[in-house]
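Beneath this line is the structure, given in structure tokens, with notes to follow.
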Amino acid sequence: MLFRVSTYLDNEVPDQISYFSIANLETHVIEEYMKHFLYKTILFFTFVSVSATTMAITENTLIYGETKRPDTLDPYTSREASSLRLTQLMFNGLVSINERQEVEPDLATSWIIGNDKKVFTFQLRRDVTWHPYNNITTPFTAKDVVNTVNLLQHSKTISPLKEIFSNISKSEVIDDFQVKFTLKNPAINPIAMFNFKILPYHALKNIPYLNKSSDFANNPIGTGPYIFKKFNSNRQVTLVANKKYYKGAPNIEQIILKPFSDNNIMNQALSFNNLDMIVSVNPRHLSELQADARFSLISYNTLSYSFFGYNQNNKILSSQLVRKAISHGINREEMLRAFFNNQGTIISGPFAPGSWAYNLDVMPDEYNPLKSIALLQKAGYTRTSNGFLDSAGKLLSFRLRVPIEKNNESTKRVILAYKNFMKKIGIKINVDFIERERWKRAIFKDHKFDITFANWSFDDSSDISTLFHSASNMAWGNNFISYNNPEVDKLIAQSKISIDHQEKRTINHLLHKIIAQDVPYTFLWSLTQYAAYTKRLSNVNIHPYQFFYNVHLWKKN
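Numbered continuously in our numbering, the sequence shown closes out at residue 1498.
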């Protein structure tokens, strides 16, 4: 099972909202936005004047932009998409999966599968070395593979990818270049699960479990095409080419990740040749970049979606009728059109629409505020001119906690639209914009929220166990909404042990139907992503969920 999931909010929304009937945004919000816009314009010209001198970098350097700063630099302790993309440049797995969903050898050259489909023996490459550590270069061996599994299986390791290792009962070193795994249960696509990134034993042998504050999380070494060199106080990361990379030395000598808190400034940085690439282009900038002959645009579909999640520890939100009422009260089609130029797909359930597990027969909840009102009345709430009241005469209201970074107006637009939708059906939303690290702690650790807005991104969304199985309802677990449905738990367990693809598909389609009806989330949309890059780059091929797949072949002319 390949499951990579991270929470992030990447997409800006258009400034043009004049026709957006749901908004009716308060005048002071628009005025505030214009002040921010003027301020950011001044900042931009300052940025341009400074960058001319600070970016005296070799010609053979790729500088790419992200809208989120990487929080850690190892493959396991981060929930940020920017961090996970960065680790693709530094680490390898035993196998990799190409854009056609085919398994290919990576650090392993071959493998033998036991008759019971539970024992797997891998032959490892003998020509791989780790990036230098304390100025010493160390060979890659089976000990690195086994220690990686031990680290991730440690009870104190906190990682959104930990579920990958739950089906491994034993990992053994046979010799330096041979490793054997025994699974608890057969898997439908067993070799694909060994796509996880391998960590160096010699750098971690005295560390029993992974910690995002460890030295390794900020000074990683891997076996991949690029070697970590440095990062600055803004988490701008510089990597240099691994001349000993087993697939061949990369053509581009240096890669720099430059984070931006504002999508407009990032787009301007590309236009002024201070960036070579933007990983994800804001939909409102597409036409501008398409018209500029200096840049290429390439679309790619990620296994990801956005959602509003409801904390079912809240007595009111524990009611399916209330959650269903909220879902019917949101005009997602109009939001997608106004905010993202229709560059995406409205979804109905827990699987990304690019996954074979997605049930196309389940339709998204239609926008129907009258139905929302009827459902709230059925749930026992009384409607007044000021909104719905509970049995104690208290106004129905919820606390919506949202991660925000500096002047990110896009998230504010989405949230203000949601707030207005809820007002129309008689629910008051109190919005709490908080810094991202505080948000993570409040949501994932402390579960102190009523509603939140986030995004899941997957390698393969056919396994949703960490999101909706009750066993994942724990501090730092992905089931932070405390969802608990015994039938869903049972079906997830059946899906995990099934080795028949059609049976697994049937189970997941049923899971989709049940979860869509339960409405633990309001499932919103999966967006079509676009990367933009200067035409000085060539051989660029964007992998749907491993952005830097075969980056060693890219060139800068």
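Glycine included, every Cβ here is placed at the ideal spot set by N, Cα and C.
Just to confirm my understanding: we take P1149, look at its own chain, exclude 5 residues before and 5 after, and list those with CB closer than 8 Å. What are they?
Taking the first residue of the sequence shown as 1, we reach residue 1149 at position 208. Hits under 8 Å: L1092, H1095 and K1097.
Select from W1495, K1496, K1497 and F1488 the residue whose C-alpha is nearest the C-alpha of Q1029.
For this step, residue 1029 is matched to residue 88 along the sequence shown. Comparing Cα positions, the closest option is F1488.
| request: State the beta-bridge partners of T1070 as determined by DSSP. | output: The residue you call residue 1070 lines up with position 129 of the sequence shown. The partner list for T1070 (beta bridge, DSSP) reads P1080.
Selection from K1437, K1184, F1236 and Q1284 that minimises the alpha carbon distance to Y1246:
In the sequence shown, counting from the first residue as 1, residue 1246 sits at position 305. Of the listed residues, the one whose Cα sits closest to Y1246 is Q1284.
*Ranges of the alpha helix (DSSP H) found wholly within the stretch 1118-1198, counting only runs of at least 4*: Those alpha helix (DSSP H) runs which fall completely within the stretch 1118-1198 and span 4+ residues are 1142-1145 and 1156-1159.
Next item on the list: Determine contact between the stretch 1469-1476 and the stretch 1232-1245, defined as no fewer than three beta-carbon pairs at a distance below 8 Å.
Entry: Output reads yes: the stretch 1232-1245 touches the stretch 1469-1476.
What number of angstroms, rounded off, separates the C-alpha of D1430 from the C-alpha of Q1231? Taking the sequence shown and counting its residues from 1, the one referred to as residue 1430 is at position 489. Taking the sequence shown and counting its residues from 1, the one referred to as residue 1231 is at position 290. Whole-angstrom Cα-Cα distance: 47 Å.
**Whole-Å CB distance - L1065 paired with T1078, under 8 Å assumed** = Locating residue 1065 in the sequence shown gives position 124, counting from the first residue. Locating residue 1078 in the sequence shown gives position 137, counting from the first residue. Their Cβ separation, rounded to whole angstroms, is 17 Å, which puts L1065 and T1078 out of contact at 8 Å.
Query raised in the report: Which residues in the same chain as K1084 place their Cβ atom closer than 7 Å to its Cβ, once the five residues preceding and following it in sequence are excluded?
Result: Counting from one through the sequence shown, the residue named residue 1084 turns up at place 143. Within the same chain, K1084 has close Cβ partners V1114 and Y1142.
- Item | Minimum C-alpha distance to I1433 - residue among I1456, M1415 and G1418 | Within the sequence shown, residue 1433 is the residue found at index 492, counting from 1. Of I1456, M1415 and G1418, the residue nearest in Cα terms is I1456.
What did DSSP end up calling I1422 once you bin it into helix, strand or coil?
Position 481 of the sequence shown, counted from the start, is the residue given in the question as residue 1422. Coil.
Legend entry - For T1352, three-class secondary structure by DSSP: Within the sequence shown, numbered from 1, the residue matching residue 1352 stands at position 411. In the structure shown, the three-state DSSP call for T1352 is helix.
- Query: Is the stretch 1395-1410 touching the stretch 1367-1374 in the sense that three or more CB pairs, one from each, lie closer than 8 Å?
  - Reply: no
Since T1082 and F1118 should fall inside the 8 Å C-beta cutoff, what is the C-beta to C-beta distance between them, to a whole number of angstroms?
For this step, residue 1082 is matched to residue 141 along the sequence shown. For this step, residue 1118 is matched to residue 177 along the sequence shown. Their Cβ separation, rounded to whole angstroms, is 7 Å, which keeps T1082 and F1118 in contact under 8 Å.
- Query: Across which residues does DSSP place A1049 in a beta bridge pair?
  - Reply: On the sequence shown, residue 1049 is found 108 positions in, with the first residue counted as 1. Looking at the DSSP assignment, A1049 forms a beta bridge with L1065.
Check: Within this structure, are the beta carbons of N1204 and T1008 separated by less than 7 Å?
Finding: By 1-based counting over the sequence shown, the position of residue 1204 is 263. By 1-based counting over the sequence shown, the position of residue 1008 is 67. Yes.
heavy atom of the ligand GTP below 6 Å from K1171 C-beta:
The ligand GTP is not part of the structure shown, which contains no ligands of any sort.
Point to revise | Selected residue, minimal CA-CA separation from T1447, among L1301, L1124 and I1366 | key: Walking along the sequence shown from the start, residue 1447 turns up at place 506. Nearest of L1301, L1124 and I1366 to T1447, Cα basis: L1301.
task = On a CA-only basis, which of Y1186, E1104, P1127 and H1072 is nearest F1157? Give me that one, please.
result = In the sequence shown, the residue the question calls residue 1157 occupies position 216. It is H1072.
message = Just to confirm my understanding: we take P1461, look at its own chain, exclude 5 residues before and 5 after, and list those with CB closer than 8 Å. What are they?
response = Counting from one through the sequence shown, the residue named residue 1461 turns up at place 520. Result list for P1461: G1250, Y1251, Q1253, R1264, F1409, I1422 and Y1424, in chain order.
Using three-state DSSP, classify P1016 as helix, strand or coil. Translated into the one-based positions of the sequence shown, residue 1016 becomes position 75. In the three-state reduction of the DSSP assignment, P1016 falls in the coil class, being assigned neither a helical nor a strand state.
- prompt: Since A1279 is in the alpha helix (DSSP H), which residue starts that stretch and which ends it?
  reply: Your numbering for residue 1279 matches position 338 in the sequence shown. A1279 -> alpha helix (DSSP H) spans R1273 to F1281.
Q) So, helix, strand or coil for Y1477, using DSSP? A) Position 536 of the sequence shown, counting from 1, holds the residue named residue 1477. Note on residue identity: the sequence assigns Arg, not Tyr, to residue 1477. The answer is coil: DSSP assigns R1477 none of H, G, I, E or B.
Nearest CA to the CA of R1340: which residue from F1394, G1334 and K1365?
One-based indexing of the sequence shown puts residue 1340 at position 399. That would be F1394, whose Cα lies nearest to the Cα of R1340.
Check: Contact check, I1193 vs K1497 under 8 Å by CB: the rounded distance?
Finding: Reading the sequence shown from its first residue, position 252 is the one you call residue 1193. Reading the sequence shown from its first residue, position 556 is the one you call residue 1497. Contact check for I1193 and K1497: beta-carbon distance about 5 Å, within the 8 Å limit, so the pair qualifies.
Could you check how far apart the C-beta atoms of N1183 and P1200 are, in whole angstroms? I think they sit under 8 Å. Your numbering for residue 1183 matches position 242 in the sequence shown. Your numbering for residue 1200 matches position 259 in the sequence shown. Contact flag wrong, Cβ pair sits at about 23 Å.
* Does the separation of the CB atoms of H1269 and K1312 fall below 7 Å? -> For this step, residue 1269 is matched to residue 328 along the sequence shown. For this step, residue 1312 is matched to residue 371 along the sequence shown. Taking 7 Å as the Cβ cut-off, H1269 and K1312 qualify as a contacting pair.
So, for T1463: in the same chain, excluding its five sequence neighbours on each side, which residues have a beta-carbon less than 7 Å away from its beta-carbon? Within the sequence shown, residue 1463 is the residue found at index 522, counting from 1. Hits under 7 Å: F1248, F1249, I1267, S1268 and I1271.
inquiry  = Please classify P1344 as buried or exposed, where buried requires at least 16 neighbouring CB atoms within 10 angstroms.
reply    = The count along the sequence shown starts at 1 and reaches residue 1344 at position 403. With 16 or more other Cβ atoms within 10 Å, it is buried.
Q. Which one or two residues does DSSP pair with W1466 in a beta bridge?
A. Residue numbering aside, residue 1466 sits at position 525 when the sequence shown is read from its first letter. I1287, per the DSSP bridge assignment.
Practice prompt. Assign W1495 to buried or exposed, taking buried as 16 or more other Cβ atoms, counted over all protein chains shown, within 10 Å of its Cβ.
Written response: Stepping through the sequence shown from its first residue, residue 1495 is reached at position 554. The residue is buried, with at least 16 neighbouring Cβ atoms inside 10 Å.
Using the three-state DSSP reduction, which class does P1294 fall into: helix, strand or coil?
Within the sequence shown, numbered from 1, the residue matching residue 1294 stands at position 353. Note: P1294 maps to coil in three-state DSSP.
Q.
Would D1331 and L1003 be called neighbours here (beta carbons separated by less than 7 Å)?
A. Sequence index remark: in the sequence shown, residue 1331 carries index 390 (1-based). Sequence index remark: in the sequence shown, residue 1003 carries index 62 (1-based). No, these two residues do not count as a Cβ contact at 7 Å.
Original post:
For the beta strand (DSSP E) that W1380 lies in, which residues bound it at each end?
Top reply: On the sequence shown, residue 1380 is found 439 positions in, with the first residue counted as 1. Unbroken run through W1380 is the alpha helix (DSSP H), R1377 to K1381; no beta strand (DSSP E).
_I need the boundaries of the alpha helix (DSSP H) containing N1449, first residue and last residue._
Locating residue 1449 in the sequence shown gives position 508, counting from the first residue. Looking at the DSSP string, the run of the alpha helix (DSSP H) that includes N1449 is H1442 to D1459.
(message) Using 7 Å as the threshold, is the C-beta distance between V1303 and S1326 below it?
(response) Counted from its first residue, the sequence shown places residue 1303 at position 362. Counted from its first residue, the sequence shown places residue 1326 at position 385. No, the Cβ-Cβ distance between V1303 and S1326 is not below 7 Å.
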